[in-house]
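Read through the structure below, which is laid out as structure tokens, and then see the notes.
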Amino acid sequence: MSARFKHFTQYLTVFFKGMAMGAADIVPGVSGGTIAFISGIYDRLISAIAACTPDKLLWLARGRFRETWAAIDGGFLITLLAGVVTSIASLARLITYLLEAHPERLWAFFFGLIVVSVLLIGRQIERWNLWSIVAALAGAGFAYVITVAVPLQLPFTPLAIFLGASIAICAMILPGVSGSFILLLLGLYANVLAAVRSFDISVIALFVAGCVAGLLSFSRLLKWLLGHARNITLAFLTGLLVGSLNKVWPWKQTLSWRENSAGEMVPLVQANVGPTQFELLTGQASHWPSALALMLLGVVLVMFLEWWGRRP
Numbered sequence: 102m103s104a105r106f107k108h109f110t111q112y113l114t115v116f117f118k119g120m121a122m123g124a125a126d127i128v129p130g131v132s133g134g135t136i137a138f139i140s141g142i143y144d145r146l147i148s149a150i151a152a153c154t155p156d157k158l159l160w161l162a163r164g165r166f167r168e169t170w171a172a173i174d175g176g177f178l179i180t181l182l183a184g185v186v187t188s189i190a191s192l193a194r195l196i197t198y199l200l201e202a203h204p205e206r207l208w209a210f211f212f213g214l215i216v217v218s219v220l221l222i223g224r225q226i227e228r229w230n231l232w233s234i235v236a237a238l239a240g241a242g243f244a245y246v247i248t249v250a251v252p253l254q255l256p257f258t259p260l261a262i263f264l265g266a267s268i269a270i271c272a273m274i275l276p277g278v279s280g281s282f283i284l285l286l287l288g289l290y291a292n293v294l295a296a297v298r299s300f301d302i303s304v305i306a307l308f309v310a311g312c313v314a315g316l317l318s319f320s321r322l323l324k325w326l327l328g329h330a331r332n333i334t335l336a337f338l339t340g341l342l343v344g345s346l347n348k349v350w351p352w353k354q355t356l357s358w359r360e361n362s363a364g365e366m367v368p369l370v371q372a373n374v375g376p377t378q379f380e381l382l383t384g385q386a387s388h389w390p391s392a393l394a395l396m397l398l399g400v401v402l403v404m405f406l407e408w409w410g411r412r413p
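Heads up, my numbering is the position in the sequence shown plus 101, with the first residue counted as 1.
Encoded structure:
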């Protein structure tokens with residue numbers, strides 16, 4: 102295998118991992134950060150983002166293009182971002198359709214994905230002690246509170262879009278906390294997804310600007326934590342995954358409804374139920390055999406991604 106071909110396959114792999122991250126980020130309750138972690142690119146991603154500091158603009162102004170590109174791991178970042186954008190642009194309609202037409206099956210797939218991710222990330226913790234246990238419990242509690250929080254309905258203004266994006270992008274790079282779900286809690290999810298589907302450039306540009314601001318501020322903190330308190334940080338991230346399982350459980354009973362900005366009635370408060378109880382309460386099929394199969398598929402897929410991420 103020539104060096105050029107090997108280089109190409111490495112970047113193609115990064116592109117596909119970016120697509121997997123983008124697909125996960127579309128679904129409220131699933132984090133692209135989870136995909137980054139289990140596919141072995143999480144530390145590299147955080148380091149590359151954290152390297153995008155204001156002084157790099159001075160480097161560019163002085164013509165230090167090659168040095169800047171190497172410092173921020175530009176090839177990796179651009180390739181990964183291309184995969185994320187390609188996935189969101191091409192799969193937004195499909196994911197929306199699946200959420201509406203086959204919600205139990207889709208949620209079952211992501212439930213299996215997150216369950217096995219808990220095991221894979223948790224086993225990277227080299228030493229469990231009181232502090233790591235407390236961190237794991239804190240992460241689980243934080244994620245659970247987010248999943249049961251009552252959604253707001255912020256006005257779809259430029260300021261709300263920018264601030265919502267800066268908060269959501271921080272969640273997107275945390276395993277177990279969904280950036281899409283943060284947007285849902287803020288009441289911005291439907292409008293942002295509609296803007297992506299219709300290629301509303303003004304909204305997309307403002308959203309991207311918010312994402313950049315959030316990433317540059319949060320990634321440096323996360324890099325420091327991973328470098329100086331890795332075990333405690335990993336324990337907290339593992340807890341986030343455990344707490345997020347409440348959101349992605351496939352079968353739910355809707356306890357109350359709300360009217361969204363489009364005038365549609367959508368669930369406000371939901372409770373998790375078993376497949377049999379779901380059928381009794383809703384009169385709908387639970388599709389549990391196919392849901393279980395997809396849950397197992399999620400487990401297998403994560404194990405494959407983890408193996409793929411460990412390849413040299």
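We put the beta carbon where it would ideally sit given N, CA and C, even for glycine. Here the structure is a predicted model, which means the values were calculated and not measured.
Around the beta carbon of residue 292, 16 or more other beta carbons sit within 10 angstroms, so the residue counts as buried. Counting only runs of at least 4 residues, the stretch 330-406 fully encloses the following alpha helix (DSSP H) elements, listed from N- to C-terminal order: 331-349 and 376-383. Judged by beta-carbon spacing, residue 152 lies beyond the 8 Å limit of residue 121, meaning their Cβ atoms are not closer than that value. Setting aside the 5 residues that flank it on each side, residue 349 is surrounded in the same chain by 130, 131, 208, 211, 212 and 215, each with a C-beta closer than 8 Å to its C-beta; the list follows chain order. Looking at the backbone, the Cα of residue 188 and that of residue 164 are separated by about 33 Å. Here the stretch 324-335 makes no contact with the stretch 258-265; the two share fewer than three CB pairs at distances below 8 Å. Between residue 240 and residue 341, the CB-CB gap stays under 8 Å. Burial state of residue 377 is exposed, judged by a 10 Å Cβ sphere holding fewer than 16 other Cβ atoms. Across the structure, residue 185 and residue 198 are spaced so that their CA atoms are roughly 19 Å apart.
Restricting attention to alpha helix (DSSP H) runs no shorter than 4 residues, the stretch 225-272 encloses them at 231-249, ordered along the chain. Taking each of 177, 125 and 166 in turn and checking the Cα distance to residue 150, the smallest one comes out for 177. The beta carbon of residue 200 sits closer than 8 Å to those of 128 and 207, all from its chain and outside the five residues before and after it, given in chain order. Exposure of residue 156 is indicated by the presence of fewer than 16 other C-beta atoms within 10 angstroms of its C-beta.
For residue 187, the enclosing alpha helix (DSSP H) starts and ends at 175-202.
In the structure shown, the three-state DSSP call for residue 135 is helix.
The three-state reading of DSSP puts residue 152 in coil, since its state is none of H, G, I, E or B.
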